[in-house]
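Contents: one structure, followed by commentary.
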Amino acid sequence: MRLTEAITIRNTTFKNRVMFPPLTTGYEDRNGTITEQDIAFYTRLAEGGAGYIVIGDVAPIQNFTPTPRLFDDAQIESFRKLADSVHVYGAKLGIQIFHPEYDCETMMRLFAEGKMDEVRTKLHHDMMHFVDEVSEEMLLSIIDKMCACAVRAEKAGVDVIQIHGDRLVGALCSTKMNHRTDKFGGSLENRTRFALLLVEALRKAVPDMIIDYKFSVVTPERGKGGIDEADAPEFAKMLEAAGVDMLHVAQANHTGNMADTIPPMGVQPYGFFADISGKVKEAVSIPVSTVGRIISPAMAEQILASGKADMVGIGRGLLADPDWTNKAAAGKSCDIRECISCNKGCTDKIQHREFLSCILNAENGYEGTRKITPAESPKHIVIVGGGVAGMEAARVAVKKGHKVTLFEQKTSLGGQLEIASVPPRKEEMRRFTNYLSHCMKQEGITLRLGEAATPEKILDLKPDHVIVAAGANSARFPINGMDRACVCDAWDVLSGKTEVYGRTAVIGGGMVGCETAEYLAERGCSVSVIEMLDKIAAGESETILPTLKENYERFGVKEYPSHKVEEIQESSVICKNKEDEKVVIDCDFVVLAMGARPAAFDTAFLDEAGIPFAKIGDCGERASDISNAVRTAYDTVNAIR
Numbered sequence: 001m002r003l004t005e006a007i008t009i010r011n012t013t014f015k016n017r018v019m020f021p022p023l024t025t026g027y028e029d030r031n032g033t034i035t036e037q038d039i040a041f042y043t044r045l046a047e048g049g050a051g052y053i054v055i056g057d058v059a060p061i062q063n064f065t066p067t068p069r070l071f072d073d074a075q076i077e078s079f080r081k082l083a084d085s086v087h088v089y090g091a092k093l094g095i096q097i098f099h100p101e102y103d104c105e106t107m108m109r110l111f112a113e114g115k116m117d118e119v120r121t122k123l124h125h126d127m128m129h130f131v132d133e134v135s136e137e138m139l140l141s142i143i144d145k146m147c148a149c150a151v152r153a154e155k156a157g158v159d160v161i162q163i164h165g166d167r168l169v170g171a172l173c174s175t176k177m178n179h180r181t182d183k184f185g186g187s188l189e190n191r192t193r194f195a196l197l198l199v200e201a202l203r204k205a206v207p208d209m210i211i212d213y214k215f216s217v218v219t220p221e222r223g224k225g226g227i228d229e230a231d232a233p234e235f236a237k238m239l240e241a242a243g244v245d246m247l248h249v250a251q252a253n254h255t256g257n258m259a260d261t262i263p264p265m266g267v268q269p270y271g272f273f274a275d276i277s278g279k280v281k282e283a284v285s286i287p288v289s290t291v292g293r294i295i296s297p298a299m300a301e302q303i304l305a306s307g308k309a310d311m312v313g314i315g316r317g318l319l320a321d322p323d324w325t326n327k328a329a330a331g332k333s334c335d336i337r338e339c340i341s342c343n344k345g346c347t348d349k350i351q352h353r354e355f356l357s358c359i360l361n362a363e364n365g366y367e368g369t370r371k372i373t374p375a376e377s378p379k380h381i382v383i384v385g386g387g388v389a390g391m392e393a394a395r396v397a398v399k400k401g402h403k404v405t406l407f408e409q410k411t412s413l414g415g416q417l418e419i420a421s422v423p424p425r426k427e428e429m430r431r432f433t434n435y436l437s438h439c440m441k442q443e444g445i446t447l448r449l450g451e452a453a454t455p456e457k458i459l460d461l462k463p464d465h466v467i468v469a470a471g472a473n474s475a476r477f478p479i480n481g482m483d484r485a486c487v488c489d490a491w492d493v494l495s496g497k498t499e500v501y502g503r504t505a506v507i508g509g510g511m512v513g514c515e516t517a518e519y520l521a522e523r524g525c526s527v528s529v530i531e532m533l534d535k536i537a538a539g540e541s542e543t544i545l546p547t548l549k550e551n552y553e554r555f556g557v558k559e560y561p562s563h564k565v566e567e568i569q570e571s572s573v574i575c576k577n578k579e580d581e582k583v584v585i586d587c588d589f590v591v592l593a594m595g596a597r598p599a600a601f602d603t604a605f606l607d608e609a610g611i612p613f614a615k616i617g618d619c620g621e622r623a624s625d626i627s628n629a630v631r632t633a634y635d636t637v638n639a640i641r
């Protein structure tokens, strides 16, 4: 495979073509110093085979944003520990140097003085105008700070300096954000002047280090802070001449929508930046990497084979499965837990000031504390339910060395994922069902599909432990008229059990209700969504929400937040709005999407028999989501010694 071939760049050999691109993690200390959590995370990626790992958003100055920082010599040792740790596995380490698009020194002074109103006012002003107003003197001082950061990185044993070609550097290159009339604005030569000065200064400051440049491209459809697609080949040549050793071609951002650069499922095509990368690669002789919805080793291999890149960035894919590279190299791509691009654990967490994680991988973000440990004495574990929680429990149990029997009353595995993957763009969730189903073929797991787990069947197996993962049922709350023939359940609609047409009122504006509404609207229904709370789709990913809303507008979906349903009539739903006014919504069908409740499973017989048991996933304390199913299954079973 080209993917596993070594590549030499500026006298440094990378063991393969797999790159972990720069992502914000939130693992660092408050002052930006690398922590044990950082080291455990990045070392796990190196252990899993990644050849080139880049730490994202490393600031060369003190700042209040939650990113790594390397502005003081005292921080060198923490970066050295990280570099030494990933080097053990043959990976090369890069740091992505960036400067925010605002006056950090003034902002920090106001922050230290507790003048938060002034901080917010200045931050808002700078994000709009700093690129146009920053003085040449300050720009040159920023270059000095970045060079000092690079020197510290070199002392720490870091292999690569990557310039963040988005943020301030990209904003200055941008025709959309740079309105200057001096030598840093206007023509391509002027707009790229700061970037080229920075490259030349870094080349002098760390002459033996590899300089990578995150080559952020503004396409006609997306992005602001970067180089225009039409100018990309020419700018790439300019960077190569200035001393850049490699380019990382990616989508520019600054649009306020993280879905532009970290697109969720179905919003962008797979490998959506490969063609642009190929055009840039044609213009230069230095290596080029690219990133963007490259899900599988087969996709990565095709990009390399087609000559569109020399390395491929696998970001979210390595969060879902850090062994992605090693499995590909061993010819075991079918064993990879592929990313489903949900953005729930990664992008959404960072946007909410939490640390990076993955809903499919309970160990991600907890590499130092969550590890599957061998059982002290192998046991026979019976699992009730073949949904996400049940299959994850079986996977962990057999890896610990336990014997597993899994009951699933349906003839297929997957549980709620079977209906969750039906709405628009959600079919990518099937990858997780496929992965877990594949895991069920491991030696030591006995599947009993199409069988209800009765007390007699469970007791006959004489289990040492029982895990109940019975899932959830669609919830129903009493509403006058809900027994009418026009009323049905969202789960039944998504499963294909029930068909509706015409004017359809969806009661419940949570994730299931909103996705069902979009599904029906695409199928030609005239849809209204009714929600008691003041916001529709409150639980949806912030990167998916814009697309959902665009489709609502496209198909004319009507939204009724802050509306309480009073009665369902034969051809209408009667509501009260927050002003306590009567609202009549005409409809042919009513679809209930009122949440989920844990499925009942009587465990009294287990108590009587003295068999230890636990409830996990949706049938635990409350019905929740995939993340809860995976985490509770992993932790519960891993604790069985």
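In our numbering, the protein residues as written are 1 to 641. Glycine included, every Cβ here is placed at the ideal spot set by N, Cα and C.
Spatial distance of residue i from residue j (CA atoms)
{"i": "residue 97", "j": "residue 319", "result": "22 Å"}
{"i": "residue 114", "j": "residue 120", "result": "11 Å"}
{"i": "residue 272", "j": "residue 297", "result": "16 Å"}
{"i": "residue 103", "j": "residue 178", "result": "16 Å"}
{"i": "residue 504", "j": "residue 405", "result": "43 Å"}
{"i": "residue 138", "j": "residue 437", "result": "57 Å"}
{"i": "residue 216", "j": "residue 490", "result": "42 Å"}
{"i": "residue 15", "j": "residue 89", "result": "10 Å"}
{"i": "residue 160", "j": "residue 70", "result": "14 Å"}
{"i": "residue 259", "j": "residue 50", "result": "25 Å"}
{"i": "residue 285", "j": "residue 278", "result": "12 Å"}
{"i": "residue 189", "j": "residue 233", "result": "13 Å"}
{"i": "residue 347", "j": "residue 165", "result": "20 Å"}
{"i": "residue 62", "j": "residue 200", "result": "24 Å"}
{"i": "residue 637", "j": "residue 44", "result": "22 Å"}
{"i": "residue 566", "j": "residue 295", "result": "47 Å"}
{"i": "residue 350", "j": "residue 65", "result": "11 Å"}
{"i": "residue 574", "j": "residue 389", "result": "39 Å"}
{"i": "residue 496", "j": "residue 450", "result": "20 Å"}
{"i": "residue 30", "j": "residue 110", "result": "18 Å"}
{"i": "residue 327", "j": "residue 142", "result": "42 Å"}
{"i": "residue 338", "j": "residue 585", "result": "42 Å"}
{"i": "residue 172", "j": "residue 625", "result": "42 Å"}
{"i": "residue 162", "j": "residue 95", "result": "6 Å"}
{"i": "residue 366", "j": "residue 356", "result": "10 Å"}
Residue i and residue j closer than 8 Å at C-beta
{"i": "residue 340", "j": "residue 432", "result": "yes"}
{"i": "residue 174", "j": "residue 244", "result": "no"}
{"i": "residue 517", "j": "residue 506", "result": "yes"}
{"i": "residue 79", "j": "residue 148", "result": "no"}
{"i": "residue 197", "j": "residue 213", "result": "no"}
{"i": "residue 376", "j": "residue 370", "result": "no"}
{"i": "residue 642", "j": "residue 108", "result": "No information on residue 642 is available, as it lies outside the stretch 1 to 641 that the chain covers here."}
{"i": "residue 380", "j": "residue 612", "result": "no"}
{"i": "residue 445", "j": "residue 614", "result": "no"}
{"i": "residue 118", "j": "residue 168", "result": "no"}
{"i": "residue 82", "j": "residue 27", "result": "no"}
{"i": "residue 378", "j": "residue 401", "result": "yes"}
Residue nearest to residue i in terms of C-alpha spacing, selected from the options
{"i": "residue 456", "options": "603, 43, 207", "result": "603"}
{"i": "residue 540", "options": "265, 91, 197", "result": "265"}
{"i": "residue 251", "options": "364, 274, 242, 464", "result": "274"}
{"i": "residue 644", "options": "58, 69, 631", "result": "Within the shown structure, residues of the chain are numbered from 1 to 641, placing residue 644 beyond reach of any answer."}
{"i": "residue 568", "options": "92, 8, 634, 487", "result": "487"}
{"i": "residue 314", "options": "289, 331, 329", "result": "289"}
{"i": "residue 562", "options": "570, 580, 410", "result": "580"}
{"i": "residue 146", "options": "478, 31, 58, 497", "result": "58"}
{"i": "residue 4", "options": "638, 525, 417, 304", "result": "304"}
{"i": "residue 512", "options": "534, 548, 524", "result": "548"}
{"i": "residue 345", "options": "452, 542, 387, 117", "result": "542"}
{"i": "residue 417", "options": "426, 329, 176", "result": "426"}
{"i": "residue 463", "options": "75, 470, 453", "result": "453"}
Residue i at chain B interface by Cβ criterion, 8 Å
{"i": "residue 613", "result": "This model lacks chain B altogether, as it is built from one protein chain only."}
TODO: Specify whether the segment 179-189 and the segment 198-209 touch according to this definition: at least 3 beta carbon pairs, one from each stretch, less than 8 Å apart.
DONE: Because the criterion of three Cβ pairs below 8 Å is not met, the segment 179-189 and the segment 198-209 do not touch.
Task: Three or more C-beta pairs below 8 Å linking the segment 48-59 and the segment 10-19 - done: Taking a cut-off of 8 Å for Cβ pairs, the segment 48-59 and the segment 10-19 touch, as three or more such pairs fall below it.
Task: Residue ranges of each beta strand (DSSP E) within the segment 498-579, 3 or longer - done: Qualifying beta strand (DSSP E) stretches, in chain order: 503-507, 526-530, 558-560, 564-569, 572-576.
Task: In chain order, each alpha helix (DSSP H) run of at least 4 residues that lies wholly inside the segment 94-135 - done: Every unbroken stretch of the alpha helix (DSSP H) spanning 4 or more residues and falling wholly within the segment 94-135 is given here in chain order: 104-112, 116-133.
Task: Touch test, the segment 464-477 against the segment 582-595, Cβ-Cβ under 8 Å, three pairs minimum - done: With a cut-off of 8 Å, the segment 582-595 and the segment 464-477 count as touching, because enough Cβ pairs lie within range.
Task: Length at least 3, wholly inside the segment 36-85: the beta strand (DSSP E) runs in chain order - done: Along the segment 36-85, the beta strand (DSSP E) occurs as fully enclosed runs of 3 or more residues at 52-58, listed in sequence order.
- [ ] Pick out the complete alpha helix (DSSP H) segments inside the segment 250-288, 4 residues or longer, and give them in chain order.
- [x] Entirely contained in the segment 250-288, the alpha helix (DSSP H) runs reaching 4 residues are, in chain order, 274-283.
TODO: Run through the segment 438-506 for me and flag every whole beta strand (DSSP E) of 3 or more residues, listed as ranges in chain order.
DONE: Runs of the beta strand (DSSP E) lying entirely within the segment 438-506 and spanning at least 3 residues, in chain order: 445-449, 465-468, 472-474, 487-489.
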